[in-house]
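**Student:** Per the numbering used here, the sequence shown starts with residue 1020, numbered consecutively. Can you keep this structure in mind? I'll have questions shortly.
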Amino acid sequence: MPAGTGPTQDDHDSPWKDALDLYFPQALALLAPDLHAEIDWSIAPDFLDKELQAIAPPGKQGRRFVDKLARVRLRDGAEAWLLIHVEVERRLRGRQALRLFAWRMYEYRHRIQARAMRQRGLALPPPVYSLGILLDTPGVGDQLVYTDEHRGQGVRFTFPVVELEAWRARWDELEFLAPGNPFAVVVMAQLQANRYRDKRTRLGPKFELVRALRRYGYEPEVAGQVYRLIEWMIALPKDLEPDYLRAVNALSEESRMTYVTLIEREGIKQGRIEGLKEGLKSQADLLLRQIQRRFGPVDADTTQRVRTARARDLETWSLNFVDATTLDEIFRD
């Protein structure tokens, strides 16, 4: 079977990071409406990515997940911390995998509270709301429990879980909500990627989802953002891309909607692309020189990783470099 034509392990951690950055309130409104209703959204959430990196427990090598930590103001005026954990691995198989997931949520909560108490001199820990999102693990239910008890002592931590596959039976509801909440389209894109694992079966479902953007009536900027997320989450094999591009191009002309990703891929803005590539190369070269000055000669794997990184990763790593005491600390997400 040619490469890229069969079942695939998609890159879903990156688009989910972007989706939560773009549509954080909308994500909670869809997936955790009771929690969303408790937050005062007139005050923008304070995202604490650096705080999260500082307290992150060690994870399994190759583990794929997305974490989002935000400090929010509740409607009653109190301050709270909100931890969102998205498990991006294809499926958590068996009780042990679910127990490890629950332990990770418990460990994060404990570390967040302990750090806040130290930094602020608090006598009691601040409230932390934990929410787990399982992209492709059905049959879990709406909560998980981590327990560590023996002879009448221990802990029991219960937290809510969003089982994304449960939304498949609510597809009509997603379509109804989509005009007012673009995160509904993110969920639909993930469900389609889960269902059509073979890339060759994705052309029709992907195009139908893109065509629906016109029906949802988004502003051009929002339509472009959602389109890029669909592009990212539902990959196609190379030989089907020309058919897909022709269909989307015709749709773009018909509906007068401009899909930025399509335009860039077709080379209409090739000059801009080359400029972006040159900028990325300069940023990568600078980071490599900084790493070499602080930690010594850079091996081939690290050099390749930096030179092929996305702009988002280079920005994160450059910020991490400021406080890093080891090479590994630079490359923490």
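Each residue gets a CB set at the ideal place from its N, CA and C atoms; glycine is no exception.
What residue ranges within the segment 1192-1230 form continuous alpha helix (DSSP H) runs of no fewer than 4 residues, ordered along the chain?
**Tutor:** List check, alpha helix (DSSP H) in window: 1202-1214.
**Student:** Which class does W1336 belong to by DSSP, given the choice of helix, strand or coil?
**Tutor:** Note: W1336 maps to helix in three-state DSSP.
**Student:** By a C-beta neighbour count over all protein chains shown, 10 Å radius and 16 as the cutoff for buried, is H1169 buried or exposed?
**Tutor:** Exposed.
**Student:** Taking the alpha helix (DSSP H) that Y1246 belongs to, which residues open and close that run?
**Tutor:** From DSSP, the alpha helix (DSSP H) with Y1246 extends over P1239 to M1252.
**Student:** Please give me, in chain order, every unbroken run of the beta strand (DSSP E) with length at least 3 that falls completely inside the segment 1081-1147.
**Tutor:** The qualifying runs are 1084-1092 and 1098-1106.
**Student:** Would you kindly work out how many angstroms separate the C-alpha atoms of M1207 and A1089, rounded to a whole number?
**Tutor:** So the two alpha carbons sit approximately 25 Å from each other.
**Student:** Given that a residue counts as buried once 16 or more other Cβ atoms are within 10 Å of its Cβ, and exposed if not, what is A1038?
**Tutor:** Label assigned to A1038: buried.
**Student:** How is the alpha helix (DSSP H) around F1350 delimited, first residue to last?
**Tutor:** That residue, F1350, is in no alpha helix (DSSP H); it is neither H nor E in DSSP.
**Student:** Quick check: the Cα distance between E1285 and L1248, rounded to an integer number of angstroms?
**Tutor:** At E1285, the pLDDT of 43 sits below 50, so the modelled position is not reliable; the number obtained from the coordinates is stated separately. Each residue's alpha carbon lies about 18 Å from the other.
**Student:** Taking only runs that begin and end inside the segment 1303-1333, name each unbroken beta strand (DSSP E) of 3 or more residues, in chain order.
**Tutor:** If we require 3 residues or more, the segment 1303-1333 turns out to have no beta strand (DSSP E) run fully inside it.
**Student:** Can you tell me which of the three DSSP states P1179 falls into?
**Tutor:** Of the three classes helix, strand and coil, the one that applies to P1179 here is strand, per DSSP.
**Student:** Just to confirm, is the Cβ distance from L1054 to L1102 under 9 Å?
**Tutor:** Cβ atoms of L1054 and L1102: not closer than 9 Å.
**Student:** What's the gap between the Cα of L1299 and the Cα of Y1246?
**Tutor:** Distance between the alpha carbons of L1299 and Y1246 is about 23 Å.
**Student:** Going by Cα to Cα distance, which pick from P1064, D1262 and N1200 is closest to R990?
**Tutor:** Outside the modelled stretch of the chain, which goes from 1020 to 1352, sits residue 990, for which no answer is possible.
**Student:** Taking C-beta to C-beta, are V1147 and R1128 nearer than 9 Å?
**Tutor:** In contact: V1147 and R1128 (Cβ atoms closer than 9 Å).
**Student:** Could you have a look at L1067 and say whether DSSP puts it in helix, strand or coil?
**Tutor:** Coil, per DSSP.
**Student:** For V1341, is the classification buried or exposed, using 16 other Cβ atoms within 10 angstroms of its Cβ as the cut-off for buried?
**Tutor:** Exposed.
**Student:** Looking at A1188: is its Cβ nearer than 9 Å to the Cβ of E1194?
**Tutor:** Against a cut-off of 9 Å, the Cβ pair of E1194 and A1188 comes out as no contact.
**Student:** Tell me which residues share the same chain as Q1080 and place their Cβ nearer than 6 Å to its Cβ, disregarding the 5 neighbours each side in the sequence.
**Tutor:** Residue placement at Q1080 cannot be trusted, given a pLDDT of 41 that sits under 50; the coordinates are not used to answer.
**Student:** Decide if T1177 is buried, meaning its Cβ has at least 16 other Cβ atoms within 10 Å, or exposed.
**Tutor:** Label assigned to T1177: exposed.
**Student:** Considering just the uninterrupted stretch of the alpha helix (DSSP H) at E1057, what are its terminal residues?
**Tutor:** Start and end: P1052 to E1057.
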